[in-house]
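Scroll down for the structure; my scribbles are underneath it.
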Amino acid sequence: MWTWFYKLASPPHVYGVAAALTPWFSALAALAIGYGTIAGLAFAPPDYQQGDAFRIIYVHAPAAWLSLFAYTTMAVAGGIGLIWRIKMGHAVAAATAPIGASFTLLALVTGSLWGRPMWGTYWAWDPRLTSELILLFLYIGVMSLRPAFEDPGRGDRAAALLSIVGVVNVPIIHYSVLWWNSLHQGATVAKIGKPAMPGSMLWPLLSMLLGFMLFYGAVLCIRVRGEVLNRERQAAWVREAVKT
Amino acid sequence: MTAATTAAAAPGAPVIKVGVQNAFLLVLRRELALSFRRPDQLLQPLVFFLIVTTLFPLGLSVQLSLLRDMAPGVLWVAALLSSLLSLDALFKSDADDGTLEQLALAGQGLYVIVMAKTLAHWLVSGAALVLASPLVGTALAIPEMAFGTMMLSLTLGTLTLSWLGAIGAGLTVGLKRGNVLLSLIVLPLAMPLLIFGAGATDRAISGTSAAGALYLLAALCVLTFTLAPFAATAALRISLE
Amino acid sequence: MTGAFWAMGGYARYVWPCFGFAGAVLCWNLWSARGHLAAARIRAARALAMNAGENV
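Protein chains in written order, with this note's numbering: chain X, 3 to 246; chain R, 1492 to 1732; chain G, 40 to 95.
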């Protein structure tokens, strides 16, 4: 029953699965992001407090969510590689890092542009913004550490350890609005019970969230294939894969 | 952890059993002895600390009242940076001449070695900073009533930083130009420290209770002290294997 | 599309750069990932060719 899971430790299998999944993830992502963008920009009613500026949420919230999700994935995949010595874990961790970092940057920039009209400032040293900025630095640290080693396996393991140490930051970011008096608003969607948003605003947001996740999946699949090839260059199965 | 370590490989040599506590104390004493043998290297981070804290008032040429406002931040940034300077050497010299591998093979386990080395590092750098802080505090116009909180927060903070730095030092020990990378890795992890430490001192200066920030700082210290040794040991194993 | 849509209730200079930057990040991700895979394939092919050459 668990064979599908065990097979994920095999590089040629991962390469093949990633190649097969990419078009599906891409197509679904395009649909979800397309609908979310159009509905969010044109059909969702303007917010009574923030006016049309609230529409930034359709890129800001999914980017922020993905920045956390990607870091957690990187730490978990790295942990799998470190603890069980499964190289595919390191491949996924290495592939995920630049994607997550770019989304962290997107979250920071869109948040800053949203903050200017709403709070009157492009930046504030409030807990959530600060910890998200720290997340970007952590990403950069992990991405800088990996190539610094001559032995790529050692680089993978060191980067995995560092990403696990840094994962402490992720719950801090998430709960910062709960634990401290933060300028940033609290949870809108992920509350139990009725969400604080009407449907016409919520559905495009959920669609964007799904779309960004699917997009992350698509890009991850492409990058993972490259990472697998880099780690398995000498293997026999690579000959067939590279020919096509 | 086994309770015994074998002596050098000379055949017929007596086997010396060293307990965990004794191993810890042995390594601690060795580290301190080595550090004090080079008093100039001992003083360098301290001097750096003093110089950096002087740079800010010189560069900004502010009045005393504004200086007082900046003081906690300046103090803490300077302490952070000068602690970082000495972190690079935490494992490097032992790794270079092979001592570290021998210590790793010894029966006590790398965990005890890392504990002892990090504590020695703090005693030599962090503790020195704490003792020098009243001098620096006076130069930055921090009122005397805040000195207690300042020194307590610096103690907790530099302890935590030594532990975070041990993780970074363990990860970068084998790298040729690992110094900058070490700072790149450690500083983001140290940012919450800076926020709470400077915040505690700031509150003490303005007369309000710094208890909340101090408790958070203490919590960070305990969390780091509990978990970082494992991470630092794992980092060293990765670098040594 | 009406001018009101582009004006975004006066917030146009915040909203549109956000969506623009988002589009740029998505495009960069796709472009960078595909370049990474292409480079990996070239390097793998080269390594295989070298090995084949050695074994001859």
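Where is the CB? At the ideal position from N, CA and C, for every residue including glycine.
Where R:D1579 falls, given that 16 or more other Cβ within 10 Å makes a residue buried: That one is buried.
According to DSSP, residues forming a beta bridge with X:D49: DSSP, once it has assigned bridges, lists X:G53 as partnering X:D49.
Counted within 10 angstroms of its Cβ, other Cβ atoms place X:R227 as buried (16 or more) or exposed: Counting Cβ neighbours within 10 Å, X:R227 comes out buried, since at least 16 surround it.
Where the alpha helix (DSSP H) through X:G42 begins and ends: Per DSSP, X:G42 belongs to no alpha helix (DSSP H) and is neither H nor E.
Residues near G:M47 in its chain [Cβ-Cβ closer than 6 Å; skip 5 each side]: Counting only Cβ-Cβ distances below 6 Å, and skipping sequence neighbours, we find V54.
X:G18 at chain R interface by Cβ criterion, 8 Å: No, no contact with chain R.
Cut-off 6 Å between Cβ atoms - residues of its own chain near X:P129, not counting five sequence neighbours on either side: S178, W182, S184.
Assigned secondary structure, R:Q1554 (DSSP; H/G/I helix, E/B strand, else coil): Coil at R:Q1554, not helix or strand.
For X:P129, three-class secondary structure by DSSP: DSSP places X:P129 within a helical segment (H, G or I) once states are collapsed to three.
Among R:T1651, R:G1688, R:F1515, R:S1574, nearest to R:L1533 - alpha-carbon criterion: Nearest to R:L1533 by C-alpha distance, out of R:T1651, R:G1688, R:F1515, R:S1574, is R:S1574.
Boundaries of the alpha helix (DSSP H) in which X:W6 is found, first to last residue: Looking at the DSSP string, the run of the alpha helix (DSSP H) that includes X:W6 is 5–9.
X:H62 beta carbon less than 8 Å from that of X:G113: Taking 8 Å as the Cβ cut-off, X:G113 and X:H62 qualify as a contacting pair.
G:W70: contacting residues in chain X (beta-carbon distance under 7 Å): Those do not exist, as G:W70 stays about 10 Å from chain X at its closest Cβ, beyond 7 Å.
Chain R contact residues for X:I136, given Cβ-Cβ distances below 9 Å: What X:I136 touches in chain R, judged by beta-carbon distance under 9 Å, is P1679, L1680, M1682, P1683, going in chain order.
Chain X contacts from the stretch 1708–1728 of chain R (Cβ-Cβ distance under 7 Å): Cβ contacts with chain X come from A1722, A1725, A1726.
Chain X contact for G:A79 (CB, 8 Å cutoff): For G:A79, the answer is yes, since a Cβ of chain X falls inside 8 Å of its Cβ.
Status (buried if at least 16 other CB within 10 Å, exposed otherwise) for X:R148: When all chains shown are included, X:R148 counts as buried.
Chain X contact for R:L1555 (CB, 8 Å cutoff): Answer no: the Cβ-Cβ gap between R:L1555 and chain X never drops below 8 Å.
8 Å Cβ cutoff met for X:G251 and X:L208: Because chain X here runs from 3 to 246, residue 251 of chain X falls outside it and cannot be looked at.
Amino acids of chain R, ordered along the chain, whose beta-carbon sits closer than 7 Å to that of X:L164: Under the 7 Å cutoff, chain R gives L1662, I1676.
Given 8 Å, three or more beta-carbon pairs between the stretch 13–26 of chain X and the stretch 229–245 of chain X: Inter-segment contact for the stretch 13–26 of chain X and the stretch 229–245 of chain X is present: three or more beta-carbon pairs are separated by less than 8 Å.
Chain X contacts made by the stretch 52–68 of chain G, where a contact means CB separation under 8 Å: Residues of the stretch 52–68 of chain G that bring their beta carbon within less than 8 Å of a beta carbon in chain X comprise Y53, V54, P56, C57, F58, F60, A61, V64, L65, W67, N68, in sequence order.
Through-space distance from X:Q51 to R:L1673, alpha-carbon basis: Each residue's Cα considered, the two are about 46 Å apart.
Option in R:L1655, R:T1663, R:G1550 with minimal Cα separation from X:E152: For X:E152, the closest alpha carbon among the candidates R:L1655, R:T1663, R:G1550 is that of R:T1663.
Contacting residues, own chain, Cβ-Cβ under 6 Å from X:G80 (five flanking each side not counted): Taken in chain order, the residues that qualify are A95, A162, S165.
Endpoints, the alpha helix (DSSP H) within which X:I166 is located: Where X:I166 is concerned, the enclosing alpha helix (DSSP H) stretches over 154–168.
Own chain, CB closer than 6 Å to X:A259, minus 5 neighbours either side, in chain order: Absent from the structure is residue 259 of chain X, since the part of chain X shown begins at 3 and ends at 246.
Cutoff 7 Å; reference X:A109; Cβ partners in own chain excluding five residues on either side: Excluding the 5 residues flanking it on each side, X:A109 has same chain C-beta neighbours closer than 7 Å at H62, A65, A66, S69, E134, in chain order.
Close-in-space but distant-in-sequence residues of the same chain around R:A1723 (CB under 6 Å, 5 per side omitted): V1605, A1657, I1658, G1661, listed in sequence order.
Between the CA atoms of X:G157 and R:W1654 - distance to the nearest angstrom: Cα to Cα, R:W1654 sits roughly 22 Å from X:G157.
Per-residue contacts from X:S104 into chain G (C-beta, under 8 Å): Identification of chain G residues near X:S104 by a Cβ-Cβ cut-off of 8 Å yields V64, W67, N68, ordered along the chain.
Three CB pairs or more closer than 8 Å across the stretch 82–95 of chain X and the stretch 81–95 of chain G: By the C-beta criterion, the stretch 82–95 of chain X is judged not to be in contact with the stretch 81–95 of chain G, since fewer than 3 inter-stretch pairs fall below 8 Å.
Heavy atom of the ligand NAD within 7 Å of X:V169 beta-carbon: Summarising the ligand content, the structure contains no ligands, and the ligand NAD is consequently not present.
Member of X:A160, X:H186, X:L140 whose CA lies at the smallest distance from the CA of R:I1676: Comparing Cα-Cα distances from R:I1676 to each of X:A160, X:H186, X:L140, the minimum goes to X:L140.
Under 8 Å between C-beta atoms of R:L1718 and R:L1684: Between R:L1718 and R:L1684, the C-beta spacing is not below 8 Å.
Proximal residues of chain R, C-beta to C-beta of X:V111 below 8 Å: Under the 8 Å cutoff, chain R gives no residues; its nearest Cβ is about 19 Å from X:V111.
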